[in-house]
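Residue numbers (our numbering), protein chains in the order written: chain A, 445 to 753; chain B, 445 to 753.
Built from N, CA and C at the ideal position, the CB exists for glycine as well.
Predicted, not measured: the structure shown is a model, and the values here were computed from it.
Remarks on the structure that follows.
2 protein chains.
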Amino acid sequence: MSKRIGVDLGGTTAKLGVVNDQNEIVERKVIPTDKSKTFEETIAILSQGILEMGDVGIVGFGVPSSLKPVGDIVIHANNLGWKNKDLRGELKKRLGSVPIFIANDADSAAVGEYFQGAGQGCQSMLMLTLGTGVGGGFIYQSRLYRGGNGCGFEPGHMIVQQDGVVCSCGLHGCLEAYCSATAIIREVTACKKSQVLQEMIAENDGKANARMLFDAVRQNDTYAKSILEKYVHTLAIGIGSLTTILRPEIVVIGGGVSGAGDLLFEPLREEVKRTTFSYDVIGGAAIIPAALGNDAGIIGAALLDRVLI
Amino acid sequence: MSKRIGVDLGGTTAKLGVVNDQNEIVERKVIPTDKSKTFEETIAILSQGILEMGDVGIVGFGVPSSLKPVGDIVIHANNLGWKNKDLRGELKKRLGSVPIFIANDADSAAVGEYFQGAGQGCQSMLMLTLGTGVGGGFIYQSRLYRGGNGCGFEPGHMIVQQDGVVCSCGLHGCLEAYCSATAIIREVTACKKSQVLQEMIAENDGKANARMLFDAVRQNDTYAKSILEKYVHTLAIGIGSLTTILRPEIVVIGGGVSGAGDLLFEPLREEVKRTTFSYDVIGGAAIIPAALGNDAGIIGAALLDRVLI
């Protein structure tokens with residue numbers, strides 16, 4: 445049988461995987477990517493890597509960009525240095541008649557969790573990825589939701605605090621500006637009062653990371669607990685607003701920050717009850733951790749044909 | 445030919461209309477509703493009114509409540525005193541085999557604007573209704589969007605300001621708490637510094653209304669202009685966030701506040717450019733006034749079969 449291949453395309457590597465009928469990755473390949481290469485060069489290298497896997501039946505791509513649906517134009521993949529690139533057209537030149545499916549990388553991860561991870565068995569699922577940024581994907585009526593104009597949605601840039609903290613996108617008060625790992629690092633770094641946190645940073649050559657927050661909370665550090673409490677509150681507001689608009693059956697949380705486990709999920713579940721419109725009556729969504737880690741993007745990309753109309 | 449009837453159900457009246465093949469209302473009827481009547485009594489009166497219109501082919505209802513999709517259960521229609529009522533079941537008892545379609549009233553209004561009003565010709569449209577509350581409906585891929593669990597969405601209860609003004613729903617900082625006519629009345633009433641506004645209130649037996657704000661702005665009142673500026677800013681943030689999630693082709697604004705015309709729409713269109721993620725690149729949505737006024741709900745209700753799956 446011909447192979448179903450998923451490609452999770454990032455700024456430093458493209459992770460390729462062959463996915464079998466049980467939605468498991470049975471063969472892997474990693475191809476370095478490099479912003480200094482041209483778009484055409486990168487596609488040539490990727491296509492060669494795909495074709496070398498042999499007997500290619502279908503290929504799906506998760507791409508770190510918004511996409512224009514007609515022709516699957518990459519609008520702006522900053523990590524790859526691509527702007528307004530005709531990804532489908534360029535891939536077609538190299539891959540010929542192989543069916544190609546393309547989606548945003550966070551969307552692809554959501555599709556992976558939906559079929560093989562935390563979202564199995566539901567019909568609608570919101571996934572939020574709490575990493576360097578805040579990304580997400582939404583499965584609606586068993587299909588990948590791409591928004592009215594087809595360009596996908598960006599839950600990280602919903603504003604939760606008007607005139608709030610400046611976000612990487614230039615707006616003020618986006619969910620991403622409060623709930624990304626980057627936001628945690630900002631708060632940890634700025635928290636000079638916490639001896640616990642500042643010692644951790646010093647021991648790590650002066651570099652803070654998000655894990656330090658949770659380690660300090662485990663050590664019962666008051667300042668860290670206060671940062672976490674605010675973090676959970678804002679994330680709950682974001683989830684509450686998204687639930688009020690999207691009404692997913694479940695909310696799956698992935699990305700590095702979700703690795704904190706119960707320390708994050710237990711207070712978050714409680715707080716969401718207080719920040720979601722009509723939580724009891726209309727029914728709030730269960731909040732559960734993602735199950736597949738980095739494999740979600742590969743598996744989801746390989747299965748995109750099942751959720752794209 | 446048998447008649448297509450739309451019912452816009454409210455707390456004081458039910459507005460009925462027969463809609464022809466050109467989506468125009470060709471026959472009207474108004475039936476008083478009354479919270480003191482039981483659910484069963486109200487349905488009996490409504491059904492009789494419908495059947496008396498003669499030759500009923502199809503009936504659609506716009507209801508002021510969230511709905512549970514299986515069986516179309518009215519979750520809570522506060523204006524009618526209905527809680528967890530089996531609207532479809534009760535109507536079926538009275539209307540027999542007539543096909544019945546049920547949706548939220550704001551959703552029905554959006555459907556009306558989509559087919560016959562401001563949304564004609566587009567495939568996705570967000571409508572926001574700025575009245576006593578803030579309601580809305582979303583047309584996605586030419587269908588009425590009802591959210592993952594089918595209960596519809598409530599854009600008015602998206603939080604735009606964490607820990608902000610208390611909303612009628614009990615949450616803090618909802619869009620409705622800043623952008624409803626009720627919110628304008630609150631600000632106008634509280635603006636003791638504005639002699640212009642306070643005189644208008646005094647002349648109206650001490651009662652403020654939203655129109656006064658726009659009248660005062662036309663008179664160049666500095667305080668009114670400041671209230672309007674903040675109002676537009678917050679509304680733009682709400683529209684920006686909703687656009688980032690839903691990606692409608694157009695945003696239609698209805699409800700009493702939209703009657704302010706250019707005084708509202710011109711600054712709003714400018715402000716939305718500053719509050720929407722990637723406005724220029726992904727493409728912001730055009731913002732246009734609703735066209736049908738109160739008829740939108742009747743026309744939309746009559747056409748629900750075309751947008752409900």
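Could you tell me the alpha carbon to alpha carbon distance between residue i and residue j, rounded to whole angstroms?
i, j, result
"R472 of chain A", "I489 of chain A", "16 Å"
"G614 of chain B", "A680 of chain A", "16 Å"
"A654 of chain A", "A740 of chain A", "22 Å"
"L752 of chain A", "G744 of chain A", "11 Å"
"Y667 of chain A", "G455 of chain B", "50 Å"
"G700 of chain A", "D706 of chain A", "14 Å"
"I683 of chain A", "M497 of chain B", "46 Å"
"K674 of chain B", "I487 of chain A", "48 Å"
"D452 of chain B", "N738 of chain A", "49 Å"
"L475 of chain B", "S491 of chain B", "Looking at the sequence itself, residue 475 of chain B is Ile, so the reference to Leu does not match. Cα to Cα, I475 of chain B sits roughly 11 Å from S491 of chain B."
"K669 of chain B", "A660 of chain B", "8 Å"
"I494 of chain A", "N648 of chain A", "39 Å"
"D465 of chain A", "K529 of chain B", "45 Å"
"A627 of chain B", "P599 of chain B", "16 Å"
"K717 of chain B", "E710 of chain B", "12 Å"
"P543 of chain B", "T457 of chain B", "23 Å"
"E485 of chain B", "G561 of chain A", "49 Å"
"M656 of chain A", "G591 of chain B", "37 Å"
"D499 of chain A", "M445 of chain A", "8 Å"
"Y584 of chain A", "K637 of chain A", "45 Å"
"A621 of chain B", "T720 of chain A", "15 Å"
"A521 of chain B", "S510 of chain B", "8 Å"
"K527 of chain A", "K481 of chain A", "14 Å"
"M644 of chain A", "C635 of chain A", "12 Å"
"Y589 of chain B", "R532 of chain B", "20 Å"
"R750 of chain A", "S586 of chain A", "9 Å"
Please say whether residue j and residue i have beta carbons closer to each other than 8 Å?
i, j, result
"S722 of chain B", "N593 of chain A", "no"
"P513 of chain A", "D549 of chain A", "no"
"T678 of chain B", "V610 of chain B", "no"
"A652 of chain A", "V632 of chain A", "yes"
"T687 of chain B", "V695 of chain B", "yes"
"G461 of chain B", "I742 of chain B", "yes"
"C623 of chain A", "H601 of chain A", "no"
"V463 of chain B", "G450 of chain B", "yes"
"L690 of chain B", "F582 of chain B", "yes"
"V555 of chain B", "L736 of chain B", "no"
"A625 of chain B", "T573 of chain B", "no"
"E534 of chain A", "F483 of chain A", "yes"
"K447 of chain B", "G501 of chain B", "yes"
"E557 of chain A", "G698 of chain A", "yes"
"K479 of chain B", "G525 of chain B", "yes"
"I519 of chain A", "V725 of chain B", "yes"
"S552 of chain A", "G506 of chain A", "yes"
"D607 of chain A", "L641 of chain A", "no"
"N467 of chain B", "F545 of chain B", "no"
"C566 of chain B", "E693 of chain B", "yes"
"A704 of chain A", "F658 of chain A", "yes"
Considering only DSSP beta bridges, list what residue i is partnered with.
i, result
"G582 of chain B", "Here the sequence assigns Phe to residue 582 of chain B, which means Gly is not the residue at that position. B:L570."
"F545 of chain A", "A:G504"
"D749 of chain A", "According to DSSP, which records beta bridges pairwise, D749 of chain A is partnered with nothing at all."
"P476 of chain A", "A:T457"
"K527 of chain A", "A:H520"
"Q564 of chain B", "None, per the DSSP bridge assignment."
"L618 of chain A", "First, the amino acid is wrong: residue 618 of chain A is Cys here, not Leu. Partner(s): A:I603."
"V795 of chain B", "In this structure chain B extends from 445 to 753, so residue 795 of chain B is not present and cannot be described."
"G698 of chain A", "A:T573"
"E598 of chain A", "Looking at the DSSP assignment, E598 of chain A forms no beta bridge with any residue, so it has no partner."
"E471 of chain A", "A:V462"
Locate the beta strand (DSSP E) running through residue i, then write down its first and last residues.
i, result
"K459 of chain A", "T457 to V463"
"S453 of chain A", "The displayed chain sequence assigns Leu, not Ser, to residue 453 of chain A. Start and end: K447 to L453."
"I517 of chain B", "I517 to A521"
"A730 of chain B", "A730 to P733"
Can you name the start and end residues of the alpha helix (DSSP H) that residue i belongs to?
i, result
"R718 of chain B", "D706 to T719"
"V640 of chain A", "Q639 to E647"
"R590 of chain A", "Counting along the chain, R590 of chain A falls outside any alpha helix (DSSP H), and DSSP gives it neither H nor E."
"I629 of chain A", "A625 to A634"
Contained alpha helix (DSSP H) runs [length at least 4] in the segment 661-696 of chain B, N- to C-terminal order: Within the segment 661-696 of chain B, the runs of alpha helix (DSSP H) that reach at least 4 residues and sit entirely inside it are, in chain order, 666-690.
At 4 residues or longer, what runs of the alpha helix (DSSP H) sit wholly inside the segment 481-513 of chain B? Counting only runs of 4 or more, we get 483-496.
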